[in-house]
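Report on one structure; see the data block that follows.
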Amino acid sequence: MSTRILFLSPRVTATGHALTDAARRRAMRVETLRDWRVPEHARESAGASLYAGPLFADAVAGELGLGLLEAPPDWLARLPYELTLRDVEFTTLAEARRLRRPAFVKPPNDKSFPARVYVDGSRLPGPDAVDDDVQVLVSDIVSFTVEYRLFLRDGEVRTGSRYATRGDLDVAPLAADPHRGEVLAFAEHLASTGLPSAVVVDIGLTDSGWAVVEANAAWASGHYACDADAALDVVLHAALPEAEVASADRRFLRPLPEVVHD
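Under full-length UniProt numbering, the first residue of the sequence shown carries the number 1, and numbering increases by one thereafter.
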């Protein structure tokens with residue numbers, strides 16, 4: 001049996017099931033953590049990995065001894081216009097509340113408030129709900145004709161899936177999609193944009209051409225119709241024992257909060 005262990009959060013998802021099946025095909029152990037505490041036997045397990053949402057990952061990754069890779073929070077805002085086809089600003093929620101125009105606003109690497117179009121900054125959560133200094137991405141509004149999820153390893157697309165057409169869920173493997181060649185050609189531009197070696201990137205087609213939608217942590221991303229075995233390879237590299245994180249990837253480690261249990 002493989003020495004790798006894939007830990008899952010208590011939340012049941014289709015991707016969790018798919019990754020479980022893929023892990024078991026390679027004789028890996030899979031264990032679902034039943035609550036937000038890491039049991040004694042699982043702490044700093046040799047060869048651990050994790051598939052979970054950001055909040056749960058923050059609660060357990062430290063005790064599991066994991067390093068979690070993710071794109072820098074300002075990555076999208078630093079991309080050249082030809083890769084985004086819209087203006088994107090990296091700022092704070094306090095500044096975003098000053099907006100007096102419609103904009104798409106989202107937290108870069110968590111779900112502290114809903115990511116969506118806001119009529120203006122007054123519609124964003126107030127300081128009583130979300131702290132002023134929370135980092136956000138403020139983007140011009142753009143419509144995507146079709147959107148794709150790509151699991152990248154070392155800048156290469158390991159697997160991909162269409163997930164939306166004109167904003168509606170529309171899932172199909174990239175291999176069967178008529179835009180496959182264009183998707184892969186555009187994805188080649190992402191290799192030199194300052195991403196960790198294992199990450200998920202969403203891209204889409206607009207009326208003006210191909211553009212990046214956003215980057216996501218592989219250890220927290222749904223796989224849609226991606227090949228589960230290839231997606232698992234990326235997940236295992238994006239959530240691995242902290243001591244095994246390569247020097248080039250250390251700047252992409254998610255800062256983990258100190259967890260104090262009563």
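By construction, the Cβ of each residue, glycine as well, lies at the ideal position given by its N, Cα and C atoms.
Bear in mind the structure is a predicted one, so any value in this text is a computation, not a measurement.
Which residue's Cα is closest to the Cα of residue i: the options?
i, options, result
"R254", "S247, Y224, A239, A246", "A239"
"D154", "K111, A218, R101, G126", "A218"
"A96", "E70, P72, K111, Q135", "Q135"
"D233", "L33, Y51, D35", "Y51"
"P178", "E188, L190, H189, T165", "T165"
"G167", "G222, E147, E40, R101", "E147"
"S247", "V259, P196, G204", "P196"
"L184", "L174, T193, S192", "L174"
"R250", "A231, G194, A230", "G194"
Quick one: does the C-beta of residue i sit closer than 7 Å to a heavy atom of the ligand ADP?
i, result
"L152", "Ligands displayed in this structure: none; no statement on the ligand ADP is therefore possible."
If you check the beta carbons only, do residue i and residue j fall under 8 Å apart?
i, j, result
"G79", "V138", "Note that residue 79 is Leu in the sequence shown here, rather than Gly. Their beta carbons are not under 8 Å apart, which means L79 does not touch V138 by this criterion."
"G53", "A220", "yes"
"C226", "R116", "no"
"T15", "H189", "no"
"A94", "D132", "yes"
"T84", "T145", "no"
"L236", "R4", "yes"
I'd like the list of long-range same chain contacts for residue i, defined as Cβ closer than 7 Å, with 5 residues on each side in sequence excluded.
i, result
"E182", "W210"
"A228", "A18, L19, D21, A22"
"residue 276", "Outside the displayed span of the chain (1 to 262) sits residue 276, for which this structure offers no information."
Let's test the definition: count the other Cβ atoms within 10 Å of the Cβ of residue i and tell me whether it reaches 16, buried, or not, exposed.
i, result
"R158", "buried"
"S9", "buried"
"T32", "exposed"
"I203", "buried"
"Y81", "exposed"
"P127", "exposed"
I'd like the list of long-range same chain contacts for residue i, defined as Cβ closer than 8 Å, with 5 residues on each side in sequence excluded.
i, result
"G65", "R43, E44, S45, A48, P241, E242, A243"
"L68", "L50, A57, A61, A217, W219, A238, A239, L253, R254, L256"
"R34", "P10"
"W36", "F56, A59, V60"
Between residue i and residue j, which are expected to be in contact by the criterion C-beta below 8 Å, what is the C-beta distance as a whole number of angstroms?
i, j, result
"V212", "F151", "With 8 Å as the limit, V212 and F151 do not qualify as a contact, their Cβ atoms being about 15 Å apart."
"A215", "A71", "4 Å"
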